[in-house]
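Numbering (our numbering), first residue to last: -14 to 231. The beta-carbon is built from N, C-alpha and C at its ideal position, and this holds for glycine as well. In this text, all values refer to a predicted model and were calculated from it rather than measured experimentally. Following: one structure in structure tokens, then a few remarks.
Below, the structure is given as structure tokens:
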């Protein structure tokens, strides 16, 4: 078969829409990226807000909270894989009874029984808002740790999804499509359901300079087969160091 009769080889078949003008840019973030990226951003924001609110409440209780004795009316272990000790306590402010559940230190969970007392601090303006005093309260993750974890998650999600979208716009706006030829194909088994494929290619830039390059992609399309060498390819060229086989 003459090499000009060989079908066009695309490293990523969905780039056909860009080549035929059906899409204005090459694909950026996939729906899977968005599927985990958006919830990750929302979760990070929720964690940041929650951590700041908890820290604000702790400061308010430390500064303005009123200490009072509370009666333990129940104690139990959480149903998690790694259960934590909890108590249910009841306290009275101005003749009104309040009740809440809270995690307690391991040693006091063993030492205190139902009917015993613990000390809590409550907000005078909102008596229903109370926490065990530091003597009894179980240690919690520091604000700095929560913020670091949440911000890392937020930045990671934004960079992963936003980075792919940025590169899509950048490549599509600045790149020129050049004809090239397939020089080599290597197919590797993947731990995912599919295969890793490394294409090597050569093409001539708009100025006539010959450049060789490589593209490593993941393919999970059922119709994939190893293409013959010498097949035509399309290369998106930005500059001599920035180009990719479509």
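Looking at C-beta atoms only, is the number of pairs between the region 46 to 64 and the region 170 to 188 that lie closer than 8 Å three or more?
no
Same chain, Cβ closer than 8 Å to residue 83, neighbours up to 5 away in sequence not counted:
75, 76, 77, 107, 112, 113, 115
Just to confirm before moving on: does the CB-CB distance between residue 190 and residue 167 stay below 9 Å?
no
Report the rounded CA-to-CA distance for residue 96 versus residue 32, giving the unit in angstroms.
33 Å
Express the C-alpha separation of residue 214 and residue 223 in angstroms, rounding to a whole number.
25 Å
Just to confirm the assignment: which complete beta strand (DSSP E) runs, minimum length 3, are found wholly within the region 77 to 109?
DSSP runs (the beta strand (DSSP E)) wholly in the region 77 to 109: 81 to 88, 102 to 108.
Excluding the 5 residues flanking residue 174 on each side, which residues of the same chain have their C-beta closer than 7 Å to its C-beta?
180
Rounding to the nearest angstrom, what Cα-Cα distance links residue -12 and residue 12 in this structure?
In this predicted model, residue -12 has a pLDDT of only 45, less than 50, meaning its place in the structure is not dependable enough to derive any value.
With DSSP collapsed to three states, give me the class of residue 2.
In the structure shown, residue 2 sits in a helix (DSSP, three-state: H, G or I).
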